[in-house]
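Undergrad: Please find one structure pasted underneath; my questions will follow.
Shown next, in the form of C-alpha cells:
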C-alpha cells in the first residue's frame, strides 16, 4: 500500500469504465477500501479481460455497483455518469495485434465510446473529474530516450491511433466545455488480475503464464529491446493522484519507470522467480516487426514534479507478487 493521502475519495461517487478488467478492478478494490461508492461498467466482451473473479475481495460490499453495459450506449452512459464525482475511463480495445486484422472495434470503443462518455458528462454532469488512460504507443518509435510528453506522436497501428484520438477528445472537452480531464500514457503494466488466456494483452503477464506452466518463452529478436515495466499497484496510485491533484488538469503525463529492463533480462528473472520455464530466441514475424517500435523508456519527470508520484515497487517485488497471485488463482485466469 502506498503512502499517498487518498482520503479525498471517502464517500465520493466514482464510475470506472472497464471496471471488471485488469487495471479497473485493482483500482476499484483500492477505492472501496478507502470508503468510496464505486460503480463499475463493463461490457464483458469475450477476450477483453473482464472477469468477475477480479473483484472477489469486494464483490459483496454495499458500496459496489456493477453494470454490464456498453460505453457506446448514449442513454446508458447519460444515466451512469449522473451524480459521479470522478470518472475513470479505462474501457477500450487495447490490443495492437487485434487491430491489425480488425480495426473497427478500435474506432467503435476507443473513439466513439470516449465521445459518448464525454458528451454525456457535458449534458448531465459537467462538474465530474475525468481521468483517461492511454498508452505509450501514442509516441510510436522513440526519437530519443527517455521519451518526454512533448515528443512527436507517430502511432504505428490503429489501436494506438484510436487511443491517441480518444485522448484528444478528452482534452477538447476539458479545453472547450470545461470538463476537468487528465490524460495518462501508461507504459507496460503488469500484475495481478490481468487477462491470461491469450498473448494479445500484456507481454509480461503472458511470459508469467508460460513460465508457471513450464513452457518455453519466445524472446523475439536478440532480447536487447528495452522497456520500462510498471506494476499495477504503482499504476493505480498514479491514476488516483491524477484525479485529485488540481495542477494535473488538462495535462498529459507519462506513467512508467525510468529504469529500463531488456526483454531478455525480464524473461530470465521471471523464470528464476517462478522456478520453472525455459526461453529461446525467435525471429520476428512480419506482423510483429511492423508493430515493433524499438526501445522505449518513459521520462517521468513531469508526473514526479506535478503529482509527487513515482513507482515504488521493484521489478523483483512486483514479479514475485504477480507470480504468487496467479499460482494461487490459476483456475480463474487460465480458462
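Numbering (the numbering used here), first residue to last: 1 to 335. For each residue, glycine too, the CB sits at the ideal point set by N, CA and C.
With a CB to CB cut of under 6 Å and the five nearest residues on each side skipped, what residues in its chain are close to residue 76?
TA: 69
Undergrad: What are the complete alpha helix (DSSP H) segments, minimum 4 residues, inside the stretch 67 to 132?
TA: Counting only runs that start and end inside the stretch 67 to 132, the alpha helix (DSSP H) elements of at least 4 residues fall at 74 to 80, 96 to 101 and 113 to 124.
Undergrad: What's the gap between the Cα of residue 330 and the Cα of residue 235?
TA: 23 Å
Undergrad: Please report the straight-line C-alpha distance between residue 67 and residue 15, rounded to a whole angstrom.
TA: Rounded to whole angstroms, residue 67 to residue 15 spans 10 Å at the Cα level.
Undergrad: DSSP on residue 164, reduced to helix/strand/coil?
TA: Three-state result, residue 164: helix.
Undergrad: Which runs of the alpha helix (DSSP H) fall wholly inside the stretch 133 to 220 and span at least 4 residues, in chain order?
TA: 158 to 177 and 203 to 212
Undergrad: For residue 154, which residues in the same chain have their Cβ closer than 6 Å to its Cβ, ignoring the five residues on either side in sequence?
TA: So the qualifying residues of the chain are 140.
Undergrad: Are the stretch 18 to 27 and the stretch 192 to 201 in contact at 8 Å, needing three or more beta carbon pairs?
TA: The answer is yes - the stretch 192 to 201 touches the stretch 18 to 27, with three or more Cβ pairs under 8 Å.
Undergrad: My assumption, with CB atoms under 8 Å, is that residue 230 sits in contact with residue 255. Please give the rounded CB distance.
TA: 7 Å
Undergrad: Under a Cβ-count criterion, where at least 16 other Cβ atoms within 10 Å of its own Cβ denotes burial, should residue 237 be classed as buried or exposed?
TA: So residue 237 ends up on the buried side.
Undergrad: With DSSP collapsed to three states, give me the class of residue 268.
TA: helix
Undergrad: What does the alpha-carbon distance come out to for the pair residue 371 and residue 166?
TA: Only positions 1 to 335 of the chain appear in the structure, and residue 371 is not among them; the question remains open.
Undergrad: Identify whether residue 41 lies in helix, strand or coil by the three-state DSSP scheme.
TA: strand
Undergrad: Out of 214, 22, 87 and 74, which one is the CA nearest neighbour of residue 38?
TA: 87
Undergrad: Please report how far the alpha carbon of residue 126 lies from the alpha carbon of residue 91, in whole angstroms.
TA: Approximately 20 Å between the Cα atoms of the pair.
Undergrad: Under a three-way DSSP split, which group does residue 230 fall into?
TA: strand
Undergrad: Tell me whether residue 29 sits in a helix, a strand or coil according to DSSP, three-state version.
TA: Correct three-state label for residue 29: helix.
Undergrad: I'd like to know whether the C-beta of residue 84 is nearer than 7 Å to at least one C-beta of chain C.
TA: Here chain C cannot be found, since the structure has a single protein chain.
Undergrad: What did DSSP end up calling residue 55 once you bin it into helix, strand or coil?
TA: Reduced to three states, the DSSP call for residue 55 is helix.
Undergrad: Use the C-beta contact count for residue 60: other C-beta atoms within 10 angstroms, 16 or more gives buried, fewer gives exposed.
TA: exposed
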